[in-house]
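Below: the structure, in structure tokens.
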Ligand SMILES: [Zn+2]
């Protein structure tokens, strides 16, 4: 289980700044997954698995605190926390657009 606090990998402007260059692809995958998971419109555009390129499914858990994801092929899985209010959190942005 890969546990990620998204805010650990953002700079002060809220832009992706992974703690090490070697995990950039993984953190980029995580950020796109947050956007897909929190968007009503782009749900079907979940990014491909950072490891094997296969289909990934994701859900938002109780009280929308965590995003849990799993790859259907290589069975990598993880939990994303602290994604609220980041650039990739689409939940509030779409509500504002619709109202
Ligand atoms: Zn995979």
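Numbering (the numbering used here), first residue to last: 3 to 101.
Cβ atoms here follow ideal geometry from the backbone N, Cα and C, with glycine treated the same way.
- A distance below 8 angstroms between beta-carbons, with the five flanking residues on each side excluded, links residue 21 to the following residues of its chain, in chain order: 10 and 11.
- Inter-residue distance for residue 69 and residue 54 is about 20 angstroms (C-alpha atoms, whole angstroms).
- Our two residues, residue 7 and residue 43, have alpha carbons roughly 25 angstroms apart in a direct line.
- Closest in C-alpha terms to residue 38, from the list 30, 47 and 28, comes 47.
- For residue 29, the enclosing alpha helix (DSSP H) starts and ends at 26-40.
- Here DSSP, grouped into helix, strand and coil, assigns residue 22 to coil.
- By the neighbour-count definition (other C-beta atoms within 10 Å, threshold 16), residue 60 is a buried residue.
- Runs of the beta strand (DSSP E) spanning 3 or more residues and lying entirely within the region 69-101 occur at 69-73 and 79-83, in chain order.
- Remark: the C-beta of residue 41 is outside contact range of ligand 1, defined as less than 7 angstroms to any heavy atom.
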